[in-house]
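Below: one structure, written as structure tokens.
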Amino acid sequence: MRHLSTITFLTTASLLLAACTKKNEEQCAEKNEVAMIGVQSNAAEVTVMRLEPRMFTHEVVSNGKIAAGAYADLRFNTSGAPIEKIMVKNGQKVRKGDVLAVLDRFQLTNNATNARNNLERARLDLADVLIGQGYDPAMQETVPEEVMALSRLRSGVAQAEINLAEAEKALNEATMRAPFDGVVANMFQKACNYPDGAQPFCRILSTSGMEVDFTVLESELPLIHIGDAVKVSPYASDGTFNGTVSAVNPIVESDGMVKVTATVGSGTGLFDGMNVQVSVKREVEQALVVPKSAVVLRSGGRQVVFTHEDGKALWNYVTTSLENMNEYVVTDGLVAGSEVITDGNLNLAHEAPVKIISD
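Taking the numbering used here, the leading residue of the sequence shown gets 5, the next gets one more, and so forth.
Shown next as structure tokens:
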């Protein structure tokens with residue numbers, strides 16, 4: 005009877021102990037769940053991206069100046085006559101051969117007429133010289149070359165022909181014409197005045213195309229190639245013009261800059277001497293690319309990118325190379341397939357708890 009009582013007591017105690025242990029486990033689970041909720045409530049909210057090799061567009065941005073692809077400064081070669089009429093004005097488009105201005109041709113026409121008359125008299129004198137030597141003036145091709153040359157000098161025909169050519173040339177140049185299709189610029193002279201020999205009458209800027217001169221750093225030179233696409237954006241307007249790199253000057257200046265020239269298609273809104281921003285783009289294949297927002301600076305100015313793993317932010321020192329306006333190429337510190345934290349990373353620490361949210 006006493007033995008039975010002992011067994012009953014032990015059984016009851018075991019049941020009570022099991023109930024107590026089960027109750028403790030439930031309490032522990034509740035405490036862990038509360039702790040996890042607390043951790044999640046303190047986790048930083050971040051956005052992530054899967055890092056995979058892809059095409060990267062490298063961009064070099066520089067300041068430049070527009071220049072006409074071709075231009076001509078025009079002058080009147082004679083200053084002995086006033087300007088009779090000006091047919092164009094600054095900014096006016098002209099075609100090759102269009103008349104720009106005309107000098108007063110009265111005196112120039114008389115000079116050409118006198119030179120022509122002098123040549124006729126000299127030819128009569130040449131005929132007399134040839135007859136005196138026994139040759140027929142109507143058959144000058146039969147006269148020996150040495151005799152004809154001497155006869156032309158004695159009669160004055162040679163000099164008269166030179167004078168006539170000069171007079172006719174001066175008369176023709178009294179009419180100024182456009183040498184090619186273009187736009188009139190720098191024309192400040194007025195009709196009824198003599199041309200100012202100290203400066204060109206005007207400049208014709210070619211409309212066949214424009215050029216932009218800009219500089220790049222010596223370290224960026226390997227990234228610039230003839231034929232690379234460029235975008236030109238004038239500071240004075242919102243327009244954008246496309247072009248291609250046409251020349252690279254093979255000299256590094258004392259400040260470490262290299263001059264580059266790009267050809268830009270003609271278009272309304274570009275003027276010679278205009279200040280512009282130039283963007284040169286070049287594609288690089290199979291690069292690990294992260295947005296600039298993913299890169300933060302830490303101690304010593306070193307670049308850090310945080311990656312996500314098991315609800316935590318992991319600190320990674322990285323090395324970057326190329327960049328454009330929005331992205332970096334990472335050359336060391338990350339591997340393909342990592343989840344890179346792109347936002348919410350400014351105040352993160354290593355192994356800090358994070359919560360992923362959608363963009």
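Ideal placement from N, C-alpha and C gives every residue a C-beta, glycine not left out. Note that the structure is a prediction, hence the values are computed from the model and not measured.
Please tell me whether I377 and M278 are closer than 8 Å, where the distance is taken between their beta carbons.
Lying before the first or after the last residue shown, residue 377 is absent from the chain, which here runs from 5 to 363.
Could you give the first and the last residue of the continuous beta strand (DSSP E) run that contains F184?
For the purposes of this step, residue 184 is identified with residue 180 of the sequence shown, where counting begins at 1. It is not in any beta strand (DSSP E) - F184 carries neither H nor E in the DSSP assignment.
Is it true that the CB of V339 sits closer than 8 Å to the CB of V322?
On the sequence shown, residue 322 is found 318 positions in, with the first residue counted as 1. On the sequence shown, residue 339 is found 335 positions in, with the first residue counted as 1. No, the pair does not count as a contact, with Cβ atoms beyond the cut-off.
CB-CB length for Q188 against N94, believed under 8 Å:
As a first step, residue 188 must be located in the sequence shown, where it is residue number 184. As a first step, residue 94 must be located in the sequence shown, where it is residue number 90. In the sequence as presented, Gln is not what sits at residue 188; that position holds Val. 6 Å between Cβ atoms; contact.
How should D232 be labelled, buried or exposed, when 16 other C-beta atoms within 10 angstroms of its C-beta is the threshold for buried?
Walking along the sequence shown from the start, residue 232 turns up at place 228. The residue in question, D232, is buried, as its Cβ has 16 or more Cβ neighbours within 10 Å.
On the DSSP bridge list, what partners appear for V220?
If you number the sequence shown from 1, residue 220 lands on position 216. Beta-bridge pairing links V220 to V262.
Cβ neighbour criterion (16 or more within 10 Å) applied to H62:
Counted from its first residue, the sequence shown places residue 62 at position 58. Counting Cβ neighbours within 10 Å, H62 comes out buried, since at least 16 surround it.
Could you tell me which residues DSSP pairs with R54 in its beta bridges?
The residue labelled residue 54 in the question sits at position 50 within the sequence shown. In the DSSP output, where bridge partners are listed per residue, R54 has E343.
In angstroms, rounded to a whole number, what distance separates the CA positions of K296 and D242?
Here the question's residue 296 lines up with position 292 in the sequence shown. Here the question's residue 242 lines up with position 238 in the sequence shown. Between the alpha carbons of K296 and D242 lies a gap of roughly 26 Å.
So if DSSP puts Q281 in a beta bridge, which residue, or which two residues, is it bridged to?
In the sequence shown, residue 281 corresponds to position 277, counting from 1. Looking at the DSSP assignment, Q281 forms a beta bridge with N67 and S237.
Based on the DSSP output, what are the partners of Y75 in its beta bridges?
The residue given as residue 75 occupies position 71 in the sequence shown. Within the DSSP bridge table, the entry for Y75 names L209 as partners.
Assuming G269 contacts N253 (C-beta within less than 8 Å), just tell me the rounded distance between them.
In the sequence shown, counting from the first residue as 1, residue 269 sits at position 265. In the sequence shown, counting from the first residue as 1, residue 253 sits at position 249. Contact doesn't hold; Cβ gap of about 22 Å is too wide.
When you compare each of I228, E331, Q281 and G213 to Y240 by their alpha carbons, which one comes out closest?
Here the question's residue 240 lines up with position 236 in the sequence shown. First, the residue type needs correcting, since residue 240 is Ala and not Tyr in the sequence shown. Looking from the CA of A240, the closest CA among I228, E331, Q281 and G213 belongs to Q281.
Going by beta-carbon coordinates alone, are L274 and M214 separated by less than 8 Å?
For this step, residue 274 is matched to residue 270 along the sequence shown. For this step, residue 214 is matched to residue 210 along the sequence shown. Contact: yes.
Rounded separation between P204 and L107 - CA only
The residue you call residue 204 lines up with position 200 of the sequence shown. The residue you call residue 107 lines up with position 103 of the sequence shown. Here the C-alpha atom of P204 lies approximately 15 Å from the C-alpha atom of L107.
In chain order, what residues of the same chain have a beta carbon less than 8 Å from the beta carbon of N167, not counting five sequence neighbours either side?
Walking along the sequence shown from the start, residue 167 turns up at place 163. In the same chain as N167, and ignoring 5 residues on each side of it, the C-beta atoms closer than 8 Å to its own belong to A119, N122 and L123, in chain order.
A291 vs A317 beta-carbon contact at 8 Å:
On the sequence shown, residue 291 is found 287 positions in, with the first residue counted as 1. On the sequence shown, residue 317 is found 313 positions in, with the first residue counted as 1. Not closer than 8 Å, so no.
Please report the distance separating the alpha-carbon of T113 from that of F80.
Indexing the sequence shown from 1 puts residue 113 at position 109. Indexing the sequence shown from 1 puts residue 80 at position 76. Going by the C-alpha atoms only, they are around 16 Å apart.
The alpha helix (DSSP H) enclosing N190, as first and last residue numbers:
In the sequence shown, the residue the question calls residue 190 occupies position 186. Membership of N190 in any alpha helix (DSSP H) is not indicated, and neither H nor E is assigned to it by DSSP.
Assuming V50 contacts H229 (C-beta within less than 8 Å), just tell me the rounded distance between them.
Residue numbering aside, residue 50 sits at position 46 when the sequence shown is read from its first letter. Residue numbering aside, residue 229 sits at position 225 when the sequence shown is read from its first letter. Not really, about 39 Å apart at Cβ, beyond 8 Å.
Pick helix, strand or coil for A47, following the three-state DSSP scheme.
For this step, residue 47 is matched to residue 43 along the sequence shown. Annotated three-state conformation of A47 is coil, per DSSP.
Spatial distance of L225 from V262 (CA atoms):
Within the sequence shown, the letter at position 221 stands for residue 225. Within the sequence shown, the letter at position 258 stands for residue 262. Computed Cα separation, rounded: 7 Å.
Can you tell me the Cβ-Cβ gap for L104 and R207, rounded? I've got them flagged as a contact below 8 Å.
Along the sequence shown, read from residue 1 onward, the residue named residue 104 stands at position 100. Along the sequence shown, read from residue 1 onward, the residue named residue 207 stands at position 203. Rounded to the nearest angstrom, the Cβ distance from L104 to R207 is 11 Å, too far for a contact under 8 Å.
Going by the CB atoms, is the gap between G260 and L221 shorter than 8 Å?
In the sequence shown, counting from the first residue as 1, residue 221 sits at position 217. In the sequence shown, counting from the first residue as 1, residue 260 sits at position 256. With respect to the 8 Å criterion, L221 and G260 are classified as neighbours on the basis of their beta carbons.
Buried or exposed: M191, going by 16 or more other Cβ atoms within 10 Å of its Cβ?
Working through the sequence shown from its first residue, we reach residue 191 at position 187. It is buried - the Cβ of M191 has at least 16 other Cβ atoms within 10 Å.
To the nearest angstrom, report how far apart H354 and V334 are at their CA atoms.
Residue numbering aside, residue 354 sits at position 350 when the sequence shown is read from its first letter. Residue numbering aside, residue 334 sits at position 330 when the sequence shown is read from its first letter. Rounded to the nearest angstrom, the two C-alpha atoms are 20 Å apart.
By the three-class DSSP mapping on this structure, what secondary structure does N167 have?
Position 163 of the sequence shown holds residue 167. Here N167 sits in helix by DSSP.
According to the neighbour-count rule (16 or more other Cβ atoms, all chains shown, within 10 Å of its Cβ), is E331 buried or exposed?
Here residue 331 refers to the residue found at position 327 when the sequence shown is read from its first residue. Taking all protein chains in view, the Cβ of E331 is crowded by 16 or more other Cβ atoms within 10 Å, so the residue is classified as buried.
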